[in-house]
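Below you'll find the structure, written out as structure tokens, and then a few comments.
Protein chains in written order, with my numbering: chain A, 1495 to 1711; chain B, 1132 to 1368.
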């Protein structure tokens, strides 16, 4: 088992840096805008996406020689949809408050392009262990971006930083009352979806600058 | 290229396997999910009845259950105010307009509040909540909205404390004692006017949601009018 040879490392690290699914491929934007209002939502969403992405990649990769080519999209979709439904049901049973906040966006993981994209582009062409690493890498790449975005949105939009716990969330930090008294105000725009666009745009710009990626040819 | 029979067989097997996994998951989690839903409903009733969650006793499902069982009496009435049989958790408060659930806050044998479910159209969605009255059946003790699909930041503000706190202390009956509800204004309440006691500040950018709340508050409270009058006339429940 050479699970951590250079190729495997590349599979995992590329989506975190030069081939990030959100900031470089611009996939999965819908949920990146929707669930980044609070940090705890983004964290739970990241865990859910990593679970679905890894499982669907592994299952599809294991079945890749048996799936008839003509119906592969249908098979992929039904497997992904089942996994997402399981996640949704588990959240409703064990993390009820969180599932209420995430509402439809858990179900919408099905339509997250990253998952179908990785299944079609990677899992159907590689073995299960590589497919797992690819799922993990892309899940972490997705999570990294939405956690950064939600950190900015929550801190400057609502003035708090919330971590997930069993209930309505544990407030790790909130801007002291004295600041508000001194004239500090939260930026209401950041709580709304357009605020996410601005932050996401800045993140994409920063990341492309950092890795020297340019559009074109 | 696989044959048609192979394709059919493959899809059939996949469907059966996935179906089994899904129904197995649902069956195993059903009880927990229903318990969560009920606890959430009770939590909102308690909030509207002015119970407060304290720092040292956070409202886990068990705590909610305990407070609810000790302090709240739940039953149903009909539109003329008589108590009727019902399974209170299964009453559809949006559609069933004949059987009306009532939740009484009873502390030391004294009724301190009456909570009733409210529901109606906002802009995009049906808004669900509870309004609680003091035992004079006139003064608002509290209001809670727990489920809606209004625009976050605009109509979605209905469930925020700054909005719901404005209802506390308002009167739902006019001078002749008729139930008129509480009106959500467009803009701010002018406290110098006599009508201010029946009005609360509106949500800017959410005119339709505000109007919706005004309308369904009046309608829903109107359905309970006979029952509320009885309570008022008897002086007790």
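Positions of the beta carbon are idealized from the N, C-alpha and C atoms, including for glycine.
- Among the CB atoms of chain B, one or more fall inside 7 Å of the CB of residue 1579(A).
- Between the alpha carbons of residue 1536(A) and residue 1657(A) lies a distance of about 10 Å.
- Straight-line measurement puts the Cα of residue 1688(A) at about 26 Å from the Cα of residue 1611(A).
- Contacts between residue 1141(B) and chain A, judged by CB atoms closer than 8 Å, involve 1560, 1561, 1562, 1565, 1569 in chain order.
- Taking the CA atoms as reference points, residue 1249(B) sits about 42 Å from residue 1638(A).
- Taking 7 Å as the cut-off, the beta carbon of residue 1555(A) is found closer than this to the beta carbon of residue 1625(A).
- The alpha-carbon of residue 1166(B) is positioned some 11 Å away from that of residue 1588(A).
- For residue 1668(A), the uninterrupted beta strand (DSSP E) run begins and ends at 1664 to 1668, by DSSP.
- Neighbourhood of residue 1303(B) in chain A, by CB distance below 8 Å: empty, with the nearest CB roughly 29 Å away.
- Classified as exposed, residue 1678(A) has fewer than 16 neighbouring CB atoms from the shown chains inside 10 Å of its CB.
- Considered as a whole, the region 1504 to 1575 of chain A harbours 1523 to 1528, 1533 to 1556 as its complete alpha helix (DSSP H) runs of no fewer than 4 residues, in chain order.
- Beta-bridge partners assigned by DSSP to residue 1298(B): none are found.
- The three-state secondary structure of residue 1259(B), taken from DSSP, is strand.
- If you draw a 10 Å sphere on the C-beta of residue 1143(B), you find fewer than 16 other C-beta atoms in it, and that means exposed.
- Listed along chain A are 1562, each with a C-beta nearer than 7 Å to that of residue 1133(B).
- Residue 1664(A) is outside the set of residues whose beta carbon lies under 7 Å from a beta carbon in chain B.
- With a beta-carbon spacing of about 32 Å, residue 1246(B) and residue 1323(B) fall beyond the 8 Å limit used to define contacts.
- Here DSSP, grouped into helix, strand and coil, assigns residue 1316(B) to coil.
- For the pair residue 1239(B) and residue 1181(B), the Cα-to-Cα distance works out to about 16 Å.
- An exposed status is given to residue 1568(A), since fewer than 16 other beta-carbon atoms sit within 10 Å of its beta-carbon.
- Under the 7 Å criterion on CB atoms, residue 1156(B) is classed as interfacial with respect to chain A.
- Annotated three-state conformation of residue 1249(B) is strand, per DSSP.
- Taking a cut-off of 8 Å for Cβ pairs, the region 1317 to 1331 of chain B and the region 1348 to 1363 of chain B do not touch, as fewer than three such pairs fall below it.
- Judged by DSSP secondary structure, residue 1607(A) falls outside any beta strand (DSSP E) and instead within the alpha helix (DSSP H) spanning 1607 to 1615.
- Around the beta carbon of residue 1298(B), 16 or more other beta carbons sit within 10 angstroms, so the residue counts as buried.
- For residue 1272(B), the enclosing beta strand (DSSP E) has its first and last residue at 1271 to 1278.
- In the structure shown, residue 1619(A) falls within a helical segment according to DSSP collapsed to helix, strand and coil.
- In this structure residue 1547(A) is not in contact with residue 1505(A), their Cβ atoms being roughly 13 Å apart against a cut-off of 8 Å.
- Residue 1308(B) carries a coil assignment under DSSP once its states are collapsed to helix, strand and coil.
- Residue 1584(A) carries a helical assignment under DSSP once its states are collapsed to helix, strand and coil.
- For the C-beta of residue 1138(B), the chain A residues within less than 7 Å are, from N- to C-terminus, 1562, 1564, 1565.
- The shortest C-alpha to C-alpha distance from residue 1591(A) to any of 1235(B), 1316(B), 1278(B) is the one to 1278(B).
- The continuous stretches of alpha helix (DSSP H) do not include residue 1325(B), and DSSP gives it neither H nor E.
- Non-local C-beta neighbours of residue 1197(B) in its own chain, meaning closer than 7 Å and more than five positions away in sequence, are absent.
- A contact is defined here as three or more CB-CB pairs under 8 Å, and the region 1298 to 1318 of chain B meets this definition with respect to the region 1334 to 1343 of chain B.
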